[in-house]
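The opening position of the sequence shown corresponds to residue 9 in this note's numbering, with each subsequent residue numbered one higher.
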Amino acid sequence: MPILNRIAEFHDEMTAWRRDFHAHPEIAFEEHRTSAAVAARLEEWGIEVHRGIAGTGVVGVLHGAGGPTGRSIGLRADMDALPMEEDNDFAHRSTVPGKMHGCGHDGHTTMLLGAAKYLAETRRFDGTVHFIFQPAEEGAGGGKRMVEEGLFQRFPCDMVFGLHNWPELEPGRMAVRSGPVMAGADKFEITVTGHGGHAALPHHTVDPVVVAAQMVLAIQTLVSRNVSPTEAGVVSVTQIQAGSAFNVIPGEVVLRGTVRALTNEVRTLLESGLRRIVDTLPAAFGAEASLNYIAGYPPTINADGPSELSAAVAAALLGSERVLRDVGPSMGAEDFAFMLNERPGSYAWIGQGGSALGCMLHNARYDFNDEILPIGASYWALLVETALPREDARAAAE
Ligand SMILES: [Zn+2]
Ligand SMILES: [Zn+2]
9 MPILNRIAEF HDEMTAWRRD FHAHPEIAFE EHRTSAAVAA RLEEWGIEVH RGIAGTGVVG
69 VLHGAGGPTG RSIGLRADMD ALPMEEDNDF AHRSTVPGKM HGCGHDGHTT MLLGAAKYLA
129 ETRRFDGTVH FIFQPAEEGA GGGKRMVEEG LFQRFPCDMV FGLHNWPELE PGRMAVRSGP
189 VMAGADKFEI TVTGHGGHAA LPHHTVDPVV VAAQMVLAIQ TLVSRNVSPT EAGVVSVTQI
249 QAGSAFNVIP GEVVLRGTVR ALTNEVRTLL ESGLRRIVDT LPAAFGAEAS LNYIAGYPPT
309 INADGPSELS AAVAAALLGS ERVLRDVGPS MGAEDFAFML NERPGSYAWI GQGGSALGCM
369 LHNARYDFND EILPIGASYW ALLVETALPR EDARAAAE
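Here's what the structure looks like:
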């Protein structure tokens, strides 16, 4: 069963939607055109539509043929583009300067729409599906805001699922893992304050550059000497700003960077270690420092049961040899984590690579591979039919 036949029939239609989204990218919380198109299509297919959740978010509610049963499932797609210039020259390239669908969320939105169209036509499931179209995945936390605005109180979901294209994986393959799948990602800013002066008279100064240099090295021990060698963590200092002249010792240095971890335990350990270094190391040099720690996305952690279900559905669709179960997690971050913090669920990767489309996410020449639209839509549809089987199918199975 490579793809569902009915979905294959509207592959061209899905391709047209996807390319239209690609040509009209909208970034975080500005997805007005995109969400209007999503809502209009869902309504056209008789799906109950709720707009304005987290600003531009949309939720579609569809009951199976037997009406509501109390059982429910949430399927989530992200809709936003990136603030970057596209470097492609095909006909559907971005028409908006400085904005681009460089992460394939145009394809994610389209695959979920394809599943919604099929499921609204067939309704071969018992229970309720919530189609969750979220804004602002790229750094602005649209998923978090949907949760804060009562997503799961308004639209109860027993389980929630996400799907992201993956350029390093061939088309026709999927990858599903249990446990941590994407890292938590936080930001930090450290201000080291000394006492500036003439570079030829360092004994009259407290040189914050020397302190900052020691601090960068001390920070490198957080992962190597605090985190267990079998666990993953990253602390990268990515910006150092100080000074204005070759012969002036500045009064202040600002360091910025990112903290990544696959578990909340390691994330907390790294934050407290960073704080300890900032609080104690400068004193040895007569300097001071302050830390501004900015919590970002938590780790994305897949629950076991929903991951098994996701993998079984992918295997039914693609063949089990095409479903990777032993892939490692990515140290990138994903705001679907906020939904997984609230409900058990799983986030899968769908192969998108091959040919010229093997280009990595967030690259100016990236484009979503339209060939996989029916695969993703079929996965979603089959996931619903498997998670919420018809009463007669359940009776037959018992
Ligand atoms: Zn992205
Ligand atoms: Zn993305």
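Yeah, the Cβ is synthetic: ideal placement off N, Cα and C, and Gly gets one too.
Buried versus exposed call for residue i [16 or more other C-beta atoms within 10 Å across all chains shown]
i           : result
residue 145 : buried
residue 213 : buried
residue 237 : exposed
residue 255 : exposed
residue 233 : exposed
residue 283 : exposed
residue 334 : exposed
residue 182 : buried
residue 141 : buried
residue 154 : buried
residue 106 : exposed
residue 11  : buried
residue 220 : buried
Residue i vs residue j beta-carbon contact at 7 angstroms
i           : j           : result
residue 278 : residue 267 : yes
residue 169 : residue 353 : yes
residue 102 : residue 175 : no
residue 87  : residue 39  : yes
residue 230 : residue 243 : yes
residue 37  : residue 63  : yes
residue 263 : residue 309 : no
residue 360 : residue 380 : yes
residue 138 : residue 165 : yes
residue 346 : residue 147 : no
residue 356 : residue 126 : no
residue 173 : residue 112 : yes
residue 128 : residue 108 : no
residue 289 : residue 223 : yes
residue 171 : residue 358 : yes
Paired residues, beta bridge with residue i - DSSP
i           : result
residue 174 : 359
residue 56  : 69
residue 163 : Residue 163 pairs with nothing; no bridge assigned.
residue 234 : Partner(s): none; residue 234 has no beta bridge.
residue 383 : Its beta-bridge partners do not exist; DSSP assigns none.
residue 188 : 309
residue 222 : Its beta-bridge partners do not exist; DSSP assigns none.
residue 301 : 196
Coarse secondary structure for residue i, derived from DSSP in three states
i           : result
residue 265 : strand
residue 343 : coil
residue 394 : helix
residue 133 : coil
residue 374 : coil
residue 102 : coil
residue 38  : coil
residue 86  : strand
Neighbourhood of residue i by C-beta distance below 6 angstroms, restricted to the same chain and skipping five residues each side
i           : result
residue 448 : Nothing about residue 448 can be reported from this structure: the residues present for the chain run from 9 to 406 only.
residue 391 : 321
residue 136 : 71, 76 and 80
residue 22  : 118, 122 and 381
residue 16  : 382
Close-in-space but distant-in-sequence residues of the same chain around residue i (CB under 7 angstroms, 5 per side omitted)
i           : result
residue 114 : 26, 29, 30 and 376
residue 54  : 128
residue 187 : 309 and 310
Quiz: which residues have CB nearer than 7 angstroms to ligand 4 non-hydrogen atoms: Inclusion of ligand 4 in the displayed structure is not the case, the ligand content consisting of ligand 1 and ligand 2 alone.
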